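Residue numbers (the numbering used here): 1150 to 1439.
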């Protein structure tokens, strides 16, 4: 058989009904399903917590993440924005992700810093020094809730950070901001006039170390004491607790009051003058010494 005849015979065999039937019943090779890439969860913290990152897997500083994004991550990333990251740096990170090669491989799963409390509630002029989110009222639990939001440049961390843990002063200041913000929002805002706060008692108990991880803060009103003088003052005793992964790490019990600013300013001015006169009696006019 010539080469041409051989080719024609093969083509005829392929187009015959018998060959077609054989192909129809012959089993196909099974398709192998491709497993989806595993997503890596990464906690992102401010650069001041670099020691915490060096010692623990699954954590990166913001600067370290930025370098990783430039190189291209080896696997998809789900980011949890933790302590030390400002809102400005978060916005810059989001722009970097959107414009970079990793835009389809990186998502931000959690970033409580977007809900930072306004300075009018925390009595702070600079956003970096407000270290809590806006308190929300939980009617079912009879609690007020917010989150800890540290900024690398906040006053409490402006000097240095030691080791893995958060400094004790951070919890004191966050508790102070919590009762200020909750009282301003849920008691005083509706009254429409400025108030001064006075702390009568502030006790803190540290149960264990706190780390630069997501931290929930709750406030429970233990007692609301009445205003016997009918001046519009608010008297509260509260319990403030800090939780990480559901574990209580710090608690504060606080007794405080909020007074009409005009009334308290007058009394404060009088007391300041009396204190100064006790220190320097010579400041008393001669006619008043006798």
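In this text, a Cβ means the ideal position worked out from N, Cα and C, and glycines have one as well. Quick caveat, the model's predicted, so the values are computed rather than measured.
Pairing residue 1292 with residue 1231, the inter-Cα distance amounts to about 23 Å.
Listed in chain order, the non-local C-beta contacts of residue 1314 below 7 Å within the same chain comprise 1358, 1359, 1360, local neighbours out to five positions each way being set aside. Within the DSSP bridge table, the entry for residue 1344 names 1409 as partners. Under the DSSP definition of a beta bridge, residue 1226 partners with 1189, 1255.
The shortest CA-to-CA distance from residue 1267 to any of 1253, 1298, 1249, 1248 is the one to 1298. Residue 1250 holds the alpha-carbon nearest to the alpha-carbon of residue 1223 among 1234, 1250, 1277.
In the structure shown, the three-state DSSP call for residue 1295 is strand.
In the DSSP assignment, the residues bridged to residue 1397 are 1392. Exposure of residue 1289 is indicated by the presence of fewer than 16 other C-beta atoms within 10 angstroms of its C-beta.
In this chain, the beta strand (DSSP E) harbouring residue 1209 covers 1208–1210.
Boundaries of the alpha helix (DSSP H) around residue 1327: 1317–1332. When secondary structure is reduced to three states using DSSP, residue 1352 falls in the strand class. Within the region 1239–1290, the complete alpha helix (DSSP H) segments at least 4 residues long are 1268–1271, listed from N- to C-terminus. Within its own chain, the residues whose Cβ lies closer than 6 Å to the Cβ of residue 1227, once the five positions on either side in sequence are excluded, are 1188, 1190, 1256, 1258, listed in chain order. For residue 1384, the three-state secondary structure derived from DSSP is strand. Excluding its 5 nearest sequence neighbours in each direction, residue 1382 has C-beta neighbours in its own chain below 8 Å: 1376, 1406, 1407, 1408, 1409, listed in chain order. Three or more Cβ pairs closer than 8 Å define a contact, and the region 1271–1288 falls short of that threshold against the region 1238–1245.
Per DSSP, residue 1373 is not a residue of any alpha helix (DSSP H); the beta strand (DSSP E) it occupies stretches across 1365–1374.
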